[in-house]
DNA sequence: AGCCTATGCGAAC
DNA sequence: TTCGCCTAGGCTG
């Protein structure tokens with residue numbers, strides 16, 4: 077379930093559970109065994125996220141770079157560690173100590189888990205666009221890129237070199253909230269429109285960190301009655317193809333864009349038409 | 001049980 | 001553009 081808010085929340089939770097503690101590091105699966113051995117018994121300083129990347133800081137400036145990919149997981153458990161089941165690439169264990177509970181965390185299914193140095197980490201950060209979750213992040217570089225290309229905005233929002241941390245759910249929902257069609261060329265957006273979208277992310281994504289889910293529906297658009305107890309958040313269009321738009325009732329549409337299914341309301345997000353220059357046109 | 005899909009992304013073709 | 005990663009939930013049967 078990883079968009080930027082998931083990784084930020086994970087970094088905070090890992091820091092809370094293991095920060096400042098000497099940890100046992102292992103790789104039950106074996107693919108990270110040599111690296112785990114180097115880190116085993118050292119102090120875990122804390123975790124940080126950047127976009128969808130996660131960094132674990134250990135003493136002596138050793139860093140573990142993790143990317144969960146589409147279905148990686150890194151759940152934290154309280155209590156004594158149970159035997160690892162399945163393919164656990166990395167396990168952190170902290171023993172009980174002065175008031176703190178024992179805890180452990182198992183990493184599975186990640187596309188990336190590597191012991192790196194600070195140069196590598198800097199390189200990853202250099203390749204990322206501004207992250208709305210990073211305090212003080214400057215949206216200007218993102219606007220520079222968006223305003224200069226014909227590439228569709230629905231593709232640009234997913235490009236981590238343009239914006240870091242936005243994934244398929246935030247893409248779909250942000251475009252709906254701003255009534256923008258996913259295929260609209262970047263350079264046809266007005267600066268004010270982009271800045272409004274950025275500001276929306278600056279508010280939506282921290283809310284996602286707090287709740288650990290993505291909710292984007294404004295109160296006035298929430299369907300009446302109790303909220304379904306599912307794990308997913310309240311969304312306008314994501315994976316709602318064929319269902320009625322929460323605002324206008326039109327059937328939500330879907331189409332693959334940037335390799336992923338994108339979703340939009342054809343009425344609330346009309347296809348962009350450039351302003352006609354001649355009254356003779358059409 | 002088996003199949004499909006998925007909040008991602010890099011490598012291979 | 002397609003594949004691989006190799007998890008997990010939901011649906012079908």
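Numbering (the numbering used here), first residue to last: 77 to 358.
The beta-carbon is built from N, C-alpha and C at its ideal position, and this holds for glycine as well.
Bear in mind the structure is a predicted one, so any value in this text is a computation, not a measurement.
Exposed unless 16 or more other CB atoms sit within 10 angstroms - verdict on residue i
| i | result |
| --- | --- |
| residue 228 | buried |
| residue 355 | Reliability fails at residue 355, whose pLDDT of 47 lies under 50, so the model's placement of it is uncertain and the value that follows must be treated cautiously. Classification of residue 355: exposed, given that the 10 Å Cβ count is below 16. |
| residue 128 | buried |
| residue 214 | exposed |
| residue 174 | exposed |
| residue 320 | exposed |
| residue 87 | buried |
| residue 80 | buried |
| residue 296 | exposed |
| residue 114 | exposed |
| residue 324 | exposed |
| residue 326 | exposed |
| residue 350 | exposed |
| residue 294 | exposed |
| residue 198 | exposed |
| residue 44 | Look at the range of the chain in this structure, 77 to 358, and you will see that residue 44 is not part of it. |
| residue 103 | buried |
| residue 146 | exposed |
Secondary structure of residue i, DSSP reduced to three states
| i | result |
| --- | --- |
| residue 332 | strand |
| residue 156 | coil |
| residue 149 | strand |
| residue 166 | strand |
| residue 337 | strand |
| residue 240 | coil |
| residue 282 | helix |
| residue 320 | strand |
| residue 228 | strand |
| residue 80 | helix |
| residue 342 | coil |
| residue 261 | strand |
Residue j beta carbon less than 8 Å from that of residue i
| i | j | result |
| --- | --- | --- |
| residue 265 | residue 222 | yes |
| residue 187 | residue 148 | yes |
| residue 331 | residue 252 | no |
| residue 219 | residue 150 | no |
| residue 140 | residue 191 | yes |
| residue 119 | residue 135 | yes |
| residue 257 | residue 314 | no |
| residue 244 | residue 336 | yes |
| residue 230 | residue 338 | yes |
| residue 85 | residue 285 | yes |
| residue 112 | residue 101 | yes |
| residue 170 | residue 159 | no |
| residue 185 | residue 236 | no |
| residue 291 | residue 318 | no |
| residue 217 | residue 277 | no |
| residue 254 | residue 234 | no |
| residue 126 | residue 133 | no |
| residue 137 | residue 91 | no |
| residue 249 | residue 311 | yes |
| residue 94 | residue 189 | no |
Any non-hydrogen atom of the ligand GTP closer than 7 Å to residue i Cβ
| i | result |
| --- | --- |
| residue 292 | Absence of the ligand GTP from the depicted structure is noted, as is the absence of any ligand whatsoever, leaving it without description. |
Jot down the residue ranges of each uninterrupted beta strand (DSSP E) in the stretch 88-146, minimum 3 residues, whole runs only, in chain order.
-> 100-102, 119-126, 129-134 and 138-143
Can you give, in chain order, each stretch of the alpha helix (DSSP H) that sits fully within the stretch 171-219 and has at least 4 residues?
-> 194-202
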